Amino acid sequence: EWGTTCLTFEKDPEPFGKVRDANIVAIAREMGITVIVKTSHTLYKPEKTIERNGGKPPMTYKSFQNILMSMDLPRCPPPPSPLRTLRANTRRSQTTTTRSLGSLPSTNWGSTLRRYIRLGGGEGRVRP
C-alpha cells in the first residue's frame, strides 16, 4: 500500500523482542523489502559481551566491567550529515513524518491532549 522498499529498526536484545523482530524480518523479506537492523541503544552488542564471558551473561556489574575492559573500544559515531545533504535527500511528497502525523511534542499540552483523544487515544482517561 505504501510502496515500502526498505525497513530499518533498532535491534532489541530482550527475548520477546528477538522473536518479534525475527517475525517482522521474515515477513518483510517475503514481501521483497530490504531490512536493516542496527544495535544502537548499547555501546557493545550484548551477544559479544555474553560470548566474551564464556556464553553466559555477566551476573555482577564488576564482572560486566571486567568483560568490557577486555574488549576493543566501540567505534565512534560518524559525524552528522550537513543539513543541506539531508534536505537534498528528502522527498517531501512521499515522506510521512511525525509532523505530518501531528505527533510532534507540543508545549501546548491542552491542544495536544485534545488531538490525542480525538484520534482515539485516552478513551476518557484524560480530560482536556
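Using full-length UniProt numbering, you'd call the opening residue of the sequence shown number 1 and step up by one each time.
We put the CB at the ideal spot given by N, CA and C, even for glycine.
Since the structure is predicted, the reported quantities are computational estimates derived from the model, not experimental observations.
Practice task
Would you check if the segment 28 to 42 and the segment 1 to 15 touch, i.e. whether three or more CB-CB distances between them fall below 8 Å?
Solution key: The answer is yes - the segment 28 to 42 touches the segment 1 to 15, with three or more Cβ pairs under 8 Å.
Exercise for the section: Could you tell me whether the Cβ atoms of T49 and I67 are closer together than 8 Å? Expected result: Yes; because the gap between Cβ atoms is below 8 Å, this pair is in contact.
Practice task
Can you tell me which of E51, G17, I36 puts its alpha carbon nearest to the alpha carbon of S70?
Solution key: When the alpha-carbon of S70 is set against those of E51, G17, I36, the nearest one is in E51.
Handout entry: Best match in K11, N53, V19, S63 for proximity to I36 [C-alpha to C-alpha]
Key = Closest option to I36, Cα to Cα, is K11.
Exercise for the section: Give the range of the beta strand (DSSP E) segment to which E10 is assigned. Expected result: First-last of the beta strand (DSSP E) with E10: 6 to 10.
Handout entry: Of the residues H41, K45, P80, D21, the one placed nearest residue 154, counting alpha carbons only
Key = Past the boundaries of the shown model lies residue 154; the chain is included only from 1 to 128, so the question cannot be answered.
Exercise for the section: Using the Cα positions of P15 and A22, report the straight-line distance between them to the nearest angstrom. Expected result: Rounded to the nearest angstrom, the two C-alpha atoms are 11 Å apart.
Problem - Option nearest G55 by Cα separation, candidates E47, Y61, K62 - result: Measuring from the Cα of G55, the nearest candidate turns out to be E47.
Practice task
Specify the secondary structure class of D45 as computed by DSSP and reduced to three states.
Solution key: At residue 45 the sequence reads Lys, which differs from the Asp that was named. In the structure shown, K45 sits in coil (DSSP, three-state: anything other than H, G, I, E or B).
Practice task
Might you give, ordered along the chain, the residues of its own chain that have their beta carbon closer than 8 Å to the beta carbon of P74, omitting 5 neighbours on each side?
Solution key: If we look at P74 and ignore the five residues flanking it on each side, its Cβ neighbours are L43, Y44.
Exercise for the section: Go through its chain and collect everything with a Cβ distance to F64's Cβ below 7 Å, but skip five positions before and after it. Expected result: Excluding sequence neighbours, F64 sits near P58.
Handout entry: Opening and closing residue of the beta strand (DSSP E) in which I36 lies
Key = The continuous beta strand (DSSP E) containing I36 extends over residues 34 to 38.
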